[in-house]
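One structure is given below, encoded as structure tokens.
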Amino acid sequence: MKALIVQDVGVAKVVDDANEPSLRPDYVKVKVAEVAAVALNPTDWKTLDEIGRAGSIVEIGSEVKSDVKKGDRIWGFVHGCNYLNPEDGAFAEYIVAKDDIFGKVPDFMSMEDAATLGVAVGTNGQGIYQTLKLPLPTQPAEKPLPLLIYGGSTATGTIGIQLAKLSGLHVTTTASPNNFELLKSRGADKIFDYNEPDVGEKIREYTNNNLKHVFDTISLPSSFAICVAAISTTSGPKAQYTALLPVDFPRDDVDSGFTMAYTCWGETFQRGNWHCPAKLEDYDFAVKFIKKVDGLIAQKKLVPHPATVGTNGLHRILDALQLMREDKICGTKLVFRISDTV
């Protein structure tokens, strides 16, 4: 099969003779070659993880409990660059997907749009709901608690804004001005230009020094500094900050941490020298959360992030990763049809 294979550190190549991944008992095999698509995520350009995808089920493992059949179109994400299962990854004609860590693509949605959902849904589930413990979108808050989603124009950001609004939260976010209209259309209550001087202090003033929950979807030193300044300085329950990368938070009055959607599979994995034990509680939460979100998508209460479809399939992915490294992609998700690989 055609696939983009990591051959060494910083080296990847498109091949047409890769072996199809083996079907494990609690997995389904998915064909992503036809009109299906893979999506690039910020984590891809950092580590070439190959995770976002959409495709059609072609084989079902013996222990799969989901209500699925061959031919069903599904969206989700997979765990590429896992040393313990090196054949896993989304940049290939066939992939395997863990049972229940996917949703069904409704008839009204294209595969290209569906490919943008997986990582954003899984990451928001862990970040906003499992970690920050905010009200679920199916059980909204009675009082609109303030939430800052830093990096609103990312796929995780636009999905997070919509979920948070369904949860009854008051959502403040950041973006460059050219993406303000996109975020308004997704329901953001207040948008700040992250390049404004003293923007962190301005956010704290806007939220009346009551901001106690922050989800940082960018997780770079610049975003970290703004979030530190934005969070409430009042006494009472500790504020909560969660990011997508480990951080050393400088405030003792804030509980900080990071979320890593790779643990959604509930399986042990290894990345380089880092060995992460299985977290079954993360799998259990992800299964329940994805089911809730799948229902919201079917009801058209959740809109996918804007997708930009690239040309020449797998061959252009490495070029696209370089554009992401150079911060030239904003407000859209890069998607590639594997069937376009020639």
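Under the numbering used here, the sequence shown has 1054 at position 130, and the numbering climbs by one with no breaks.
Cβ atoms here follow ideal geometry from the backbone N, Cα and C, with glycine treated the same way.
All figures in this text were calculated on a predicted structure; none of them were measured in a lab.
- In this structure, Arg1110 lies away from Thr1080, with their beta-carbon atoms at least 8 Å apart.
- DSSP places Leu1258 outside any alpha helix (DSSP H); the residue lies instead in the beta strand (DSSP E), whose first and last residues are 1257 to 1260.
- Excluding the 5 residues flanking it on each side, Trp1189 has same chain C-beta neighbours closer than 7 Å at His1003, Lys1022, Ile1025, Tyr1207, in chain order.
- For the set Ile981, Ser990, Asp991, Lys989, the Cα lying nearest the Cα of Arg997 is the one of Ile981.
- With a cutoff of 8 Å on beta-carbon distance, Ile1155 and Val1123 are scored as not near each other.
- Counting only the Cα atoms, Ile1253 lies some 7 Å from Leu1247.
- Counting other Cβ atoms within 10 Å of its Cβ, Tyr951 reaches 16 or more and is therefore classed as buried.
- His1094 is bridged by DSSP to Pro1070.
- Residue nearest to Ile1127 within the set Leu1056, Gln1054, Ile1073 is Ile1073 (criterion: CA-CA distance).
- Inclusion of Leu1069 and Leu1060 in the CB contact set at 8 Å is not warranted, their separation being larger than that value.
- When secondary structure is reduced to three states using DSSP, Asp1218 falls in the helix class.
- In the displayed model, Ser980 falls within a strand according to three-state DSSP.
- Per DSSP, Val935 is one residue of the beta strand (DSSP E) stretching across 935 to 939.
- Closest option to Cys1151, judged by alpha-carbon separation, among Ala1088, Leu1071, Asn1103: Leu1071.
- Taking the Cα positions, Asn1009 is about 26 Å away from Gln1054.
- Spatial neighbours of Leu947 in its own chain (CB-CB distance under 7 Å, excluding positions within 5 residues in sequence) are listed in chain order as Lys953, Glu983, Gly985, Val1020.
- Residue pairing for Cys1200: DSSP places it in a beta bridge opposite Phe1193.
- Scanning the stretch 1156 to 1185 for uninterrupted beta strand (DSSP E) segments of 3 residues or longer gives 1163 to 1167, 1178 to 1182, listed from N- to C-terminal end.
- In the DSSP assignment, Val930 is bridged to Ala936.
- Sequence-distant Cβ neighbours of Thr1232 in its own chain, meaning closer than 6 Å and more than five residues away, are Thr1256, Leu1258.
- Within 10 angstroms of the beta-carbon of Gln1050 lie 16 or more other beta-carbons, which makes it buried.
- Excluding its 5 nearest sequence neighbours in each direction, Glu1129 has no C-beta neighbour in its own chain below 6 Å.
- With respect to the 8 Å criterion, Ala936 and Gly976 are not classified as neighbours on the basis of their beta carbons.
- By DSSP's assignment, Val954 forms a beta bridge with Ile981, Ile1019.
- Between Ile1262 and Gly1237, the C-beta spacing is below 8 Å.
- A distance below 8 Å separates the beta carbons of Ile1052 and Ala1088.
- Contact check for Gly1027 and Val1217: beta-carbon distance about 7 Å, within the 8 Å limit, so the pair qualifies.
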